[in-house]
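Participant: So the sequence shown is residues 823 to 1224, counted in our numbering.
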Amino acid sequence: MSAREWLDKDFYRELGVSSDASTDEIKKAYRKLARENHPDANPGNAEAEKKFKAVSEAYGVLSDPDKRKEYDEARALFGSGRTGGGFGGFPGGGPGGAGGAGGFDLGDIFGQGAGPGGPGGAGGFGGLGDMLGNLFGRRGGAAGAQRGQRGSDVETDVRIDFAEAVKGATLPLRLSSPATCGTCGGNGARPGTSPRTCPTCAGAGLVNRNQGAFAFSEPCPDCRGSGHQIDDPCPECAGEGVSTRTRTLTVRIPPGVDDGQKIRLAGQGEPGKGGAAAGDLFVRVHVRADEVFGRSGNDLTITLPVEFTELALGTTLTVPTLDSKVSVRVPAGTASGRVLRVRGKGIAKRDGSQGDLLVTLQVVVPSKVDDEAKAALEKYADAVAKHDPRPEITALLRDRGE
């Protein structure tokens, strides 16, 4: 098949998807059409077999990000389909076009009969043949087996308690995601059978086509570039070698993890294709708020309710930590809202850093007082009547004459 014929095909139309379809949409469309038109499901149906080969050919290009990009670029450059007997809307681009006056032959662009200074030489469109060669699997002029494709990364979420975030935890994680098929072990064949080497490409995954002075490599249409054929597909994965499975993993949450932080589990994402490595699993951690403790970086925070007399006269308070308690001395005359720091009682991280415990003192005012307490408060108010607790405000009001 020539490069012209490749560009003349509409692979998106073959799969019934738009040109901006996602990888998952392309994969889903291919699987549906492949099942419907598979030769095993349509014995003796030539049209179904033709359709199966067409969608396999389309998927072989559109499922590969590099080939899809180059295919899209070539379509944008020439246009897709034939217009008025030409190729991509150019006169003389195909059979019946005017190769002489008034037109030009795209064969020249591909380098047919072009000298060093012609369109196929260094001074013209020589790079175009290389671009199209890349589309059909040729790298540096040499055909090789289809490159493997790394599996996609997967992301999931877990919720943990505040104490688990501070101290670290080991959690079981159940998730449903694409994984190597457990029935066939990933080879796509029904148990008891094996894939066979594709006779068309001899296992290379590519076939060579000659076009004038150039040789093009393209994905094998019979094996879709995999290098093997499956006569009896696995019933679980329909020959893909990948199925959605529920699995249990163990994820280790490091001490001091932050809310929203991601933990990477290498190789636990979607399995790769063609022997390539699997993707990674990213676990996003969500930390539940604690009723008593808070956090500021590596520091553990707590707001401690106190009586006015404790601040005025001074005292020693017992303050809880996450796993024990500490004693904190409050000097006489301490103001409400003051923050006391207890060194080394905060959050310890794996890098060896250690935060502090920050204790915020907050006066609690009783909503009701009994007669004895009321009398004592009134006596105290008389004793401090000459003391102005807000001298700056009093001075401002006096200056304003209010």
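Backbone N, C-alpha and C define an ideal beta-carbon position, used for all residues, glycine too.
How big is the Cα-Cα spacing for Pro-1153 and Lys-989?
Facilitator: For the purposes of this step, residue 1153 is taken as residue 331 along the sequence shown, with counting starting at 1. For the purposes of this step, residue 989 is taken as residue 167 along the sequence shown, with counting starting at 1. Pro-1153 and Lys-989: Cα-Cα distance of roughly 32 Å.
Participant: I need the straight-line Cα distance from Gly-1101 to Leu-1133, nearest angstrom please.
Facilitator: Here residue 1101 refers to the residue found at position 279 when the sequence shown is read from its first residue. Here residue 1133 refers to the residue found at position 311 when the sequence shown is read from its first residue. When rounded, the distance between both Cα atoms is 58 Å.
Participant: Taking 7 Å as the cut-off, is the C-beta of Gly-1136 nearer than that to any heavy atom in the ligand SAH?
Facilitator: Looking at this structure, you won't find the ligand SAH or any other ligand, since it has none at all.
Participant: What does the Cβ neighbour count give for Glu-858, buried or exposed, with the cut at 16 atoms within 10 Å?
Facilitator: Looking up residue 858 in the sequence shown gives position 36. The Cβ neighbour count for Glu-858, taken over all protein chains shown within 10 Å, is under 16; the residue is labelled exposed.
Participant: Is the distance from the Cβ of Leu-1028 to the Cβ of Gly-1047 below 8 Å?
Facilitator: Sequence index remark: in the sequence shown, residue 1028 carries index 206 (1-based). Sequence index remark: in the sequence shown, residue 1047 carries index 225 (1-based). Yes.
Participant: Candidates Gly-1061, Arg-972 and Ala-1205: which alpha carbon is nearest Lys-854's?
Facilitator: Stepping through the sequence shown from its first residue, residue 854 is reached at position 32. If we check each option's Cα against that of Lys-854, Gly-1061 comes out closest.
Participant: Who does His-1108 pair with in a DSSP beta bridge?
Facilitator: The residue labelled residue 1108 in the question sits at position 286 within the sequence shown. Note: His-1108 sits in a beta bridge opposite Arg-981.
Participant: Is Val-1029 helix, strand or coil when you go by DSSP?
Facilitator: Taking the sequence shown and counting its residues from 1, one reaches residue 1029 at position 207. DSSP places Val-1029 in strand when its eight states are reduced to three.
Participant: Tell me whether the beta-carbon of Ser-998 lies closer than 8 Å to the beta-carbon of Arg-1067.
Facilitator: Working through the sequence shown from its first residue, we reach residue 998 at position 176. Working through the sequence shown from its first residue, we reach residue 1067 at position 245. For Ser-998 and Arg-1067, yes; Cβs fall inside 8 Å.
Participant: Three or more beta-carbon pairs under 8 Å between the segment 1201-1217 and the segment 1146-1160, yes or no?
Facilitator: no
Participant: Hey, Pro-1129 and Val-1186 are a contact pair by Cβ (cut 8 Å); roughly how many whole angstroms apart?
Facilitator: Your numbering for residue 1129 matches position 307 in the sequence shown. Your numbering for residue 1186 matches position 364 in the sequence shown. According to the sequence provided, residue 1129 is Glu. The question's Pro does not apply to it. Indeed they touch by this definition, with Cβ atoms about 7 Å apart.
Participant: What does the Cβ neighbour count give for Glu-1214, buried or exposed, with the cut at 16 atoms within 10 Å?
Facilitator: Here residue 1214 refers to the residue found at position 392 when the sequence shown is read from its first residue. Counting Cβ neighbours within 10 Å, Glu-1214 comes out exposed, since fewer than 16 surround it.
Participant: Hey, out of Ala-1197, Asp-1080, Ala-1217 and Val-1141, whose CA is closest to Ala-985's CA?
Facilitator: Here the question's residue 985 lines up with position 163 in the sequence shown. The residue with the shortest Cα to Cα distance from Ala-985 is Asp-1080.
Participant: Applying the 10 Å Cβ sphere with the 16-neighbour rule, what's the burial state of Asp-886?
Facilitator: For the purposes of this step, residue 886 is taken as the residue at position 64 of the sequence shown. Asp-886 is buried by the Cβ-count criterion.
Participant: Using DSSP with H/G/I as helix, E/B as strand and the rest coil, what is Pro-994?
Facilitator: Here residue 994 corresponds to residue number 172 of the sequence shown, with the count starting at 1. Looking at Pro-994 - three-state DSSP - the assignment turns out to be strand.
Participant: Counting only the same chain and skipping the five closest in sequence on each side, list residues whose C-beta sits under 7 Å from that of Arg-1086.
Facilitator: Along the sequence shown, read from residue 1 onward, the residue named residue 1086 stands at position 264. Correct list, in chain order: Asp-1102 and Phe-1104.
Participant: Please report how far the alpha carbon of Asp-1178 lies from the alpha carbon of Val-1191, in whole angstroms.
Facilitator: For the purposes of this step, residue 1178 is identified with residue 356 of the sequence shown, where counting begins at 1. For the purposes of this step, residue 1191 is identified with residue 369 of the sequence shown, where counting begins at 1. If I take the Cα positions, the gap works out to 37 Å.
Participant: Within its chain, find whatever has a CB closer than 7 Å to the CB of Ala-991; leave out the 5 residues flanking it on each side and keep chain order.
Facilitator: For the purposes of this step, residue 991 is identified with residue 169 of the sequence shown, where counting begins at 1. Cβ neighbours of Ala-991 beyond the five flanking positions: Ile-982 and Ile-1075.
Participant: Just mark Ser-1189 as buried or exposed, buried being the case when its beta carbon has 16 or more other beta carbons within 10 Å.
Facilitator: Position 367 of the sequence shown holds residue 1189. Exposed, by the Cβ-count rule.
Participant: At 4 residues or longer, what runs of the alpha helix (DSSP H) sit wholly inside the segment 1103-1154?
Facilitator: 1130-1135
Participant: If we ignore side chains and look at the alpha-carbon of each, how far apart do Arg-972 and Gln-1176 end up?
Facilitator: Working through the sequence shown from its first residue, we reach residue 972 at position 150. Working through the sequence shown from its first residue, we reach residue 1176 at position 354. Their Cα atoms are separated by approximately 39 Å.
Participant: Suppose you measure from the CA of Ser-1146 to the CA of Leu-1122; what does that come to, to the nearest Å?
Facilitator: Counted from its first residue, the sequence shown places residue 1146 at position 324. Counted from its first residue, the sequence shown places residue 1122 at position 300. C-alpha separation (whole angstroms): 13 Å.
Participant: Between which two residues does the beta strand (DSSP E) containing Val-1073 stretch?
Facilitator: In the sequence shown, residue 1073 corresponds to position 251, counting from 1. It spans 1064-1075 - the beta strand (DSSP E) in which Val-1073 sits, taken as one unbroken run.
Participant: Cutting at 8 Å between CB atoms, please list the residues of its own chain near Cys-1059, excluding the five before and the five after it.
Facilitator: As a working note, residue 1059 is residue 237 in the sequence shown. In chain order, Cys-1003, Thr-1005, Cys-1006, Gly-1010 and Ser-1065 place their CB closer than 8 Å to the CB of Cys-1059, counting only its own chain and leaving out the 5 sequence neighbours on each side.
Participant: On the three-state DSSP scale, how would you describe Arg-897?
Facilitator: As a working mapping, residue 897 is identified with position 75 in the sequence shown. Arg-897 falls in the helix class under three-state DSSP.
Participant: What residue range is occupied by the uninterrupted beta strand (DSSP E) comprising Arg-1086?
Facilitator: Within the sequence shown, residue 1086 is the residue found at index 264, counting from 1. Where Arg-1086 is concerned, the enclosing beta strand (DSSP E) stretches over 1084-1087.
Participant: Between Glu-871 and Pro-1043, what straight-line distance do the alpha-carbon atoms span, to the nearest angstrom?
Facilitator: As a working note, residue 871 is residue 49 in the sequence shown. As a working note, residue 1043 is residue 221 in the sequence shown. So the alpha carbons of these two residues sit roughly 12 Å apart.
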